[in-house]
Amino acid sequence: MSFRNWPIYVYILLLLALVAAVVGYRIRDDLLAGQIVLKFQVDVPAEIPEIVTGHNKANEEVPLKLRESYPYYYQLGWEECLRSFIQIRRGDRMDPFDQSNGPGMKQICGHYSNYELLGWKDCRTQLAEHSSKYGVSTVRRVLRKSYGDYMSNIEKIHPEMAKFRPIADDSESETE
Numbered sequence: 097m098s099f100r101n102w103p104i105y106v107y108i109l110l111l112l113a114l115v116a117a118v119v120g121y122r123i124r125d126d127l128l129a130g131q132i133v134l135k136f137q138v139d140v141p142a143e144i145p146e147i148v149t150g151h152n153k154a155n156e157e158v159p160l161k162l163r164e165s166y167p168y169y170y171q172l173g174w175e176e177c178l179r180s181f182i183q184i185r186r187g188d189r190m191d192p193f194d195q196s197n198g199p200g201m202k203q204i205c206g207h208y209s210n211y212e213l214l215g216w217k218d219c220r221t222q223l224a225e226h227s228s229k230y231g232v233s234t235v236r237r238v239l240r241k242s243y244g245d246y247m248s249n250i251e252k253i254h255p256e257m258a259k260f261r262p263i264a265d266d267s268e269s270e271t272e
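Numbering (the working numbering), first residue to last: 97 to 272.
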């Protein structure tokens with residue numbers, strides 16, 4: 097090895113270091129994918145009544161099936177939290193440590209809004225735990241790889257979500 101060609105050796109070493117870093121990053125993310133896992137579980141609280149009376153837009157009394165609707169709205173909040181965390185746009189990304197953020201505003205009754213908020217908080221708590229352990233960008237990158245950039249894999253990862261659908265007679269009602 098001659099010292100006249102030392103810049104070439106430096107460039108080769110730098111290139112090898114760069115390749116090792118990129119490959120190491122991917123291997124690290126693959127290993128962390130088994131540890132950064134979100135759990136989706138819906139447990140309807142016992143204090144939620146089966147049915148209450150509310151009013152629809154025509155001010156007619158309608159039954160609100162709260163216990164039956166809880167899983168759907170809980171899932172709605174949970175998914176919205178995860179979607180806002182892993183989304184690609186930089187400006188609107190959700191910070192898992194910010195306790196003041198929550199699901200977007202919707203015209204649904206207060207009970208359903210509360211259920212949605214509970215789902216959001218459950219997801220945010222899990223994201224904050226993983227983010228404090230591994231870092232926000234690592235968790236975001238690993239979850240984006242698991243769920244897909246646009247959450248296309250969510251029902252493969254959480255097949256139980258497919259069974260929660262909105263209840264037709266509750267969709268346009270409001271509480272008293």
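Ideal Cβ positions, reconstructed from N, Cα and C, are used throughout, including at glycine.
Rounded distance between the beta-carbons of residue j and residue i, thought under 8 Å
i: residue 230; j: residue 128; result: 6 Å
i: residue 251; j: residue 136; result: Not a contact, Cβ separation roughly 11 Å.
i: residue 224; j: residue 199; result: Contact doesn't hold; Cβ gap of about 16 Å is too wide.
i: residue 182; j: residue 166; result: With 8 Å as the limit, residue 182 and residue 166 do not qualify as a contact, their Cβ atoms being about 25 Å apart.
Counted within 10 angstroms of its Cβ, other Cβ atoms place residue i as buried (16 or more) or exposed
i: residue 206; result: exposed
i: residue 239; result: buried
i: residue 178; result: buried
i: residue 228; result: exposed
i: residue 196; result: exposed
i: residue 134; result: buried
i: residue 146; result: exposed
i: residue 130; result: exposed
i: residue 176; result: buried
i: residue 243; result: buried
i: residue 107; result: exposed
i: residue 139; result: exposed
C-beta contact flag for residue i and residue j at 7 Å
i: residue 308; j: residue 232; result: A question about residue 308 goes unanswered here, because the residues of the chain that appear run from 97 up to 272.
Any non-hydrogen atom of the ligand FMN closer than 6 Å to residue i Cβ
i: residue 152; result: Among the ligands in the structure shown, none appear at all, so the ligand FMN cannot be discussed.
Self-check item: Meets three-Cβ-pair contact criterion under 8 Å: the segment 200-218 and the segment 155-174
Solution: Output reads yes: the segment 155-174 touches the segment 200-218.
Exercise. Determine contact between the segment 193-204 and the segment 152-166, defined as no fewer than three beta-carbon pairs at a distance below 8 Å.
Key: Judged by Cβ distances under 8 Å, the segment 193-204 makes no contact with the segment 152-166, as fewer than three pairs qualify.
Self-check item: Ordered list of beta strand (DSSP E) runs contained in the segment 134-183, each at least 3 residues
Solution: Assignment of beta strand (DSSP E) within the segment 134-183, counting only whole runs of 3 or more residues, yields 148-152 and 157-160 in chain order.
Self-check item: Those runs of the alpha helix (DSSP H) which lie wholly inside the segment 223-257 and span at least 4 residues
Solution: The qualifying runs are 232-243 and 250-253.
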